[in-house]
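All remarks here apply to the structure that follows.
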Amino acid sequence: MGKTRNTALAGLLLVLFSVAVSEKTYASPQIDAGAMYASAWTWTSNSSMARHSGFEASINMRWLFFGKPVKNSSSGPGQSSLFFSAGILLQFLDMGASNWLADGSRYRAWNALGMGPEAGIGMVLPGILQERRQTFFLAIAPIANFSKYTSTTLYNAYWSGFLRLSWEAEFANHWAVGISLPVEIAGRSDGTSVIAGIRAGLSYAF
Amino acid sequence: MRSEIKTMEQRLHKHMKAPGSLRASSRLRSPAWRVALLSAAILALLLAGCELFPSNASVFSGKKYAIVIGINDYIDPGINDLNYCVADANSIATMLTAAGWEVQLITAESSKSTKQYATKSEIENALANVPGDAASFLLYYSGHGSGGHDPDRAYLVPSDYNGYATTMISTDELASMFAVISAKNKTIILDSCYSGAFVDSRESLDAVPGFYTGSNIASYFEMFRKFGNLLARNEQYSSANSSALPLVISAAGWAEESLEPDPATTSNNVGHGYFTYYLLEAASKDANSRMKGDADGDNVLSCLEAYSYAKTALESSGYDFLPHISGGLRDFALIDNRGN
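The listed protein sequences correspond, in order, to chains A and B.
Under numbering that gives the first Met the number 0, the letters of the first sequence match residues 0 to 205, in that order.
Under numbering that gives the first Met the number 0, the letters of the second sequence match residues 0 to 339, in that order.
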C-alpha cells in the first residue's frame with residue numbers, strides 16, 4: 000500500500016511542479032473548512048466488520064494552479080479552467096465504539112488528529128445552474144494520525160490514505176459553500192478502518 | 000381545434016407574463032435565494048447521512064465461560080494471608096452468573112480444612128479444561144502477585160507457593176495456557192500486585208506509567224513527542240494478528256501494589272479489594288436501572304467501560320495505583336443487560 004501511495008503522490012507532485020514552473024501559471028491560495036457526520040467500518044483478519052459513528056472536522060490550506068487566468072466572478076461567467084492543487088490538510092476525527100457483533104465483541108472508540116500533504120486536480124465551471132462559478136475537485140492525501148482510544152490512556156498512531164470528491168458553489172466574491180464525499184482508509188494495528196461521510200464546507204479564495 | 004390551441008397558447012403566454020410568475024422567477028435567481036436553497040440541500044444531505052447506515056446491535060450468541068479465582072489463605076505460614084480476595088471472587092462470580100456466564104469458582108480461605116485449594120495445579124487444570132465450545136472466556140484472579148522488577152514479567156501466586164518462582168504462574172506461563180484456549184474472545188482481569196506486567200499495550204503506549212505517583216501521567220503533548228515510535232509500533236503490529244490475543248485488565252501497574260482495606264485500621268471498609276470494589280460498582284445499577292459504568296447507555300457493560308469506571312474512581316479516590324488495559328482494536332461485553 001505504501002509503495003502505491005508514494006508513486007501516486009510522486010506523480011501528482013511532478014505534474015504540479017511542471018505546472019508551477021511554467022511561465023503561464025496563475026496561482027490562487029484557498030482555505031477550506033468543513034465538517035461531517037462520519038461513519039467508519041472496522042474489521043480485522045479474524046473479526047467481522049462493524050460500524051462506528053462519529054464526526055470529522057478538517058481545514059485545508061492549498062494553492063490552486065491554473066494554466067490561464069480565471070475571470071473574477073464579479074464580472075460574470077468566464078471560461079472553464081482546469082487546475083492542479085497542492086496544500087496541507089489538518090483534520091480531527093472522533094469515532095464512537097462500533098456496534099456489537101454477534102460474538103459479543105466490538106471495536107473501540109477512538110479519536111485522531113491527522114495531518115498530511117494534499118494534492119488534487121479540479122475544474123472551474125462557470126455558468127452552470129447559476130452565473131457564479133462552480134468547482135469540481137478531486138483530492139488525495141496521505142495522512143499521519145496521532146490517536147487515542149477514547150476513555151483510556153492508550154495513545155497510538157497510524158497512516159491513512161484519503162480521497163475526496165468535492166463540489167463548490169461560489170455565493171459571494173471569494174466565498175463558496177460546498178459538499179464533498181471523502182473516503183479515508185486507515186491501517187490501524189492489525190485492522191483496517193474505512194471512514195466516509197458527506198462533508199459540508201466553506202471556502203475562501205484569496 | 001386550431002382555435003382551441005391558439006386559445007391555450009394565448010392563456011399560456013398570458014400566464015407566463017403574469018407579474019406574479021415573473022417575481023417568482025426573479026426571486027429564485029437572486030443570490031440570497033440560491034444560497035438558501037443550496038444550504039437547505041446540503042443540510043438535507045447531512046441529515047440523511049445520519050440515517051444512511053443505521054447501527055446493527057447484534058444479539059450475542061455462544062457460550063460464555065469464566066474461571067474466577069480468589070485466594071485469601073496461603074499454605075506457607077510465611078506468606079501473609081489476604082482478607083478480601085475470596086469476597087472479590089464470590090461477588091464477581093455472582094455478577095457473571097447473573098449475566099449468563101457459566102462460572103467455575105476456585106477459592107482458598109482459611110476456613111477450608113485441607114487448604115489444598117487454588118493451587119498452581121488446580122488453576123492449570125482449570126485452564127486446560129476450558130470447554131472448546133466457549134465463544135467467550137474470562138479469567139478473573141484476586142490474590143497475591145509478585146514482581147516489580149521487570150515491566151514485562153510478573154507472577155500470580157497460587158495458594159501452594161513455597162518460595163520458588165516455579166511454584167508461581169509467570170506471564171509467559173499464563174500466555175501459554177491461554178494460547179491453547181479456543182474461545183474467540185478472551186479476557187483476563189487481575190486484581191493483584193504488579194499485575195500491570197501482564198498487560199501488553201501492543202501498538203499503543205500507555206500515558207500512565209507502571210509506577211503511578213498520583214501526578215505523573217504523561218500529557219497529550221508528551222505522548223505526541225513519541226509520534227514516530229507510535230507509528231513504528233503500529234507498523235510492527237499490523238501483521239501480528241494481535242486482535243486474537245486476550246484483552247487484559249490489571250488492577251495496578253507493573254511496579255505497583257494493588258490494595259485492599261486493612262480490617263484493623265480502615266474505617267470505611269468496602270469489604271473488597273479497591274479495584275474489584277469499583278469493578279463491581281460499574282456493574283451495579285443506579286436509580287434509573289442503568290449500570291453505572293455503562294458510559295454509552297447501550298445496556299451492555301464492556302470490559303473497557305468497566306476498566307474506565309474503576310480507573311476514574313481510583314484516580315479520584317487518591318490511591319497511588321491505577322488500572323491498565325491492553326491495546327488492540329477490540330473490546331468485549333462483560334455484562335449484557337439488554338434482555339432484562
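Built from N, CA and C at the ideal position, the CB exists for glycine as well.
It should be emphasised that the depicted structure is a prediction, and the values quoted were computed from it without experimental measurement.
Just to confirm before moving on: does the CB-CB distance between B:SER307 and A:LEU153 stay below 8 Å?
The residue labelled residue 307 of chain B in the question sits at position 308 within the second sequence. The residue labelled residue 153 of chain A in the question sits at position 154 within the first sequence. Contact: no.
Name, in chain order, the residues that DSSP records as bridge partners for B:GLY195.
Position 196 of the second sequence, counted from the first residue, corresponds to residue 195 of chain B. None; B:GLY195 has no bridge partner.
Would DSSP call A:ASN155 helix, strand or coil?
Translated into positions along the first sequence, residue 155 of chain A becomes position 156. Correct three-state label for A:ASN155: strand.
Taking all protein chains shown into account, decide if B:PRO157 is buried (16 or more other Cβ within 10 angstroms of its Cβ) or exposed.
Translated into positions along the second sequence, residue 157 of chain B becomes position 158. Under this definition B:PRO157 is a buried residue.
Residue span of the beta strand (DSSP E) that contains A:TYR203, given as start and end:
If you number the first sequence from 1, residue 203 of chain A lands on position 204. Per DSSP, the unbroken beta strand (DSSP E) holding A:TYR203 starts and ends at 190-204.
Under 8 Å between C-beta atoms, does B:GLY61 make it to chain E?
Included in the structure are the protein chains A and B, with no chain E among them.
Residues of the region 267-295 of chain B in Cβ contact with chain A at a cutoff of 7 Å, in chain order, please.
Listed by position along the chain: ALA294 and ASP295.
Note down, in chain order, all residues in the region 214-230 of chain B with a beta-carbon under 7 Å from any beta-carbon belonging to chain A.
Those would be ILE216, MET222, PHE223, PHE226, LEU229 and LEU230, in chain order.
So is A:ALA101 buried or exposed if we call it buried at 16+ other beta carbons inside 10 Å?
Working through the first sequence from its first residue, we reach residue 101 of chain A at position 102. When all chains shown are included, A:ALA101 counts as exposed.
Please report whether the beta-carbon of B:ARG201 lies at a distance below 8 Å from any beta-carbon of chain A.
As a working mapping, residue 201 of chain B is identified with position 202 in the second sequence. True, the Cβ-Cβ gap to chain A drops below 8 Å.
Closer than 7 Å by beta-carbon distance: list the chain A residues that pair up with B:LYS183, in chain order.
The residue you call residue 183 of chain B lines up with position 184 of the second sequence. By Cβ distance, chain A contributes ASP102.
Entirely within the region 64-131 of chain B and at least 3 residues each: give me those beta strand (DSSP E) ranges in chain order.
DSSP assignment within the region 64-131 of chain B yields the following whole beta strand (DSSP E) runs of 3 residues or more, N-terminal first: 101-107.
Determine the DSSP secondary structure at A:MET60, reduced to helix, strand or coil.
One-based indexing of the first sequence puts residue 60 of chain A at position 61. Correct three-state label for A:MET60: strand.
What is the DSSP secondary structure of B:ARG337, reduced to helix, strand or coil?
Sequence index remark: in the second sequence, residue 337 of chain B carries index 338 (1-based). Note: B:ARG337 maps to coil in three-state DSSP.
So, is the C-beta of B:SER24 closer than 8 Å to a C-beta in chain A?
Stepping through the second sequence from its first residue, residue 24 of chain B is reached at position 25. Low per-residue confidence applies at B:SER24: pLDDT is 45, beneath 50, and the placement is therefore not dependable, though the value from the model is reported in the following sentence. Closer than 8 Å: no.
Inter-residue Cα distance where the pair is B:ALA153 and B:ALA282:
Translated into the one-based positions of the second sequence, residue 153 of chain B becomes position 154. Translated into the one-based positions of the second sequence, residue 282 of chain B becomes position 283. Each residue's alpha carbon lies about 28 Å from the other.
Between A:TYR203 and A:HIS173, is the Cβ-Cβ spacing less than 8 Å?
Taking the first sequence and counting its residues from 1, one reaches residue 203 of chain A at position 204. Taking the first sequence and counting its residues from 1, one reaches residue 173 of chain A at position 174. The criterion of a C-beta distance shorter than 8 Å is satisfied by A:TYR203 and A:HIS173.
Find out if the Cβ-Cβ distance for the pair B:ALA134, B:ALA182 is shorter than 8 Å.
Locating residue 134 of chain B in the second sequence gives position 135, where the first residue counts as 1. Locating residue 182 of chain B in the second sequence gives position 183, where the first residue counts as 1. Contact: yes.
By DSSP, does B:GLU280 sit in helix, in strand, or in coil?
Working through the second sequence from its first residue, we reach residue 280 of chain B at position 281. B:GLU280: helix per DSSP, three-state reduction.
Starting from B:ALA134, trace the beta strand (DSSP E) in both directions and tell me its first and last residue.
Here residue 134 of chain B is taken as the residue at index 135 of the second sequence, counted from 1. It spans 133-141 - the beta strand (DSSP E) in which B:ALA134 sits, taken as one unbroken run.
Secondary structure at A:GLN78, three-state DSSP: helix, strand or coil?
Along the first sequence, read from residue 1 onward, the residue named residue 78 of chain A stands at position 79. Here A:GLN78 sits in coil by DSSP.
Measuring CA to CA, which of B:GLY146, B:GLU123, B:ALA217 and B:GLY195 is closest to B:GLU345?
Absent from the structure is residue 345 of chain B, since the part of chain B shown begins at 0 and ends at 339.
Specify, as a first and last residue, the run of the alpha helix (DSSP H) that B:ALA178 falls within.
Sequence index remark: in the second sequence, residue 178 of chain B carries index 179 (1-based). That run of the alpha helix (DSSP H) goes 170-178.
For B:LEU258, the first and last residue of its enclosing alpha helix (DSSP H)
Translated into positions along the second sequence, residue 258 of chain B becomes position 259. Careful: B:LEU258 lies outside any alpha helix (DSSP H) and carries neither H nor E.
According to the neighbour-count rule (16 or more other Cβ atoms, all chains shown, within 10 Å of its Cβ), is B:ARG337 buried or exposed?
Position 338 of the second sequence, counting from 1, holds the residue named residue 337 of chain B. So B:ARG337 counts as exposed.
From A:ASN98, A:THR41, A:SER44 and A:ILE58, residue whose alpha carbon lies closest to that of B:GLY296
Position 297 of the second sequence, counted from the start, is the residue given in the question as residue 296 of chain B. B:GLY296 has its Cα closest to that of A:ASN98, out of A:ASN98, A:THR41, A:SER44 and A:ILE58.
Quick check: the Cα distance between B:ASP72 and B:SER316, rounded to an integer number of angstroms?
Within the second sequence, residue 72 of chain B is the residue found at index 73, counting from 1. Within the second sequence, residue 316 of chain B is the residue found at index 317, counting from 1. Their backbone Cα atoms lie some 28 Å apart in a straight line.
What first and last residue would you give for the alpha helix (DSSP H) that runs through A:PHE145?
Within the first sequence, residue 145 of chain A is the residue found at index 146, counting from 1. Where A:PHE145 is concerned, there is no enclosing alpha helix (DSSP H), although the beta strand (DSSP E) it sits in stretches over 133-148.
Determine which residues share a DSSP beta bridge with B:GLU304 and list them.
The residue you call residue 304 of chain B lines up with position 305 of the second sequence. DSSP output for B:GLU304 lists no bridge partner at all.
Cross-chain neighbours of A:ALA143 in chain B, by beta carbon under 8 Å
What you label residue 143 of chain A is simply residue 144 of the first sequence in a count that begins at 1. Against A:ALA143, the close residues of chain B are PHE226 and LEU230, in the order they occur along the chain (beta-carbon pairs closer than 8 Å).
Short CB-CB distance (under 8 Å) between B:ASN336 and chain A
Locating residue 336 of chain B in the second sequence gives position 337, where the first residue counts as 1. Closer than 8 Å: no.
Is it true that the CB of B:ALA107 sits closer than 8 Å to the CB of B:GLY270?
Numbered from 1 along the second sequence, position 271 holds the residue referred to as residue 270 of chain B. Numbered from 1 along the second sequence, position 108 holds the residue referred to as residue 107 of chain B. Not in contact: B:GLY270 and B:ALA107 (Cβ atoms no closer than 8 Å).
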